[in-house]
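Asks:
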Amino acid sequence: MSSTDVNSERKALLFCTCSGACPSMEKINFWTLAERVRLELGDQVEFMALHPRLCEEDGERLMARILAPTLKFITPACAEKRQEKLLRDGFAKAGVPMDAEHWIPVSMAQQDTEQVLERIKAALGDGRGKE
Ligand code: SF4
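Numbering (this note's numbering), first residue to last: -7 to 123.
#1: For the region 43 to 84, which segments carrying the beta strand (DSSP E) assignment without a break, of at least 3 residues, lie completely within its bounds, in sequence order?
#2: To the nearest angstrom, how far is it from the Cα of Ala69 to the Cα of Ala4?
#3: Note down, in chain order, each residue of its chain lying with its Cβ closer than 7 Å to the Cβ of Glu32, except the 5 sequence neighbours on either side.
#4: Compare the C-alpha of Leu25 against each of Gly117, Lys85 and Asp104 and name the closest.
#5: Compute the minimum distance between the beta carbon of Arg45 and the heavy atoms of the ligand NAD, and state whether it is under 8 Å.
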């Protein structure tokens, strides 16, 4: 296995809360969500992190530090198409390809806490977190 190969068993979660005030995420209790992920899915997740603005410069700095080509990152954030554009620089700065081997976008737009949790479970289970 080369250093850039992904061990598909190893997944990490990187939440973007969109400042915590985005109307499309108003039904999500992020504290409840994070604790439930920890309690219910913690054994399947290498680690989780949460940032309020991954698409801003400080968010990209975080991505540059924690994304790794040996992990598959699940990113619960805005709509998947938006993530493709808005997280591109963060992935580039980390040197991690934004492909299906390394990244599973999960949209939290218009979802509630329970629905996001189910999407994360699906992403952990079958590789893609699509609705
Ligand atoms: S990446 Fe998406 S969810 Fe995160 S702050 Fe930017 S627009 Fe909001």
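Virtual Cβ for every residue (Gly too), placed ideally from N, Cα, C. Keep in mind the model is a prediction, meaning the values are calculated, not measured.
Replies: Considering the structure as presented:
#1: 64 to 69
#2: 14 Å
#3: none
#4: Asp104
#5: The ligand content of the structure shown is limited to the ligand SF4, which means the ligand NAD is not among them.
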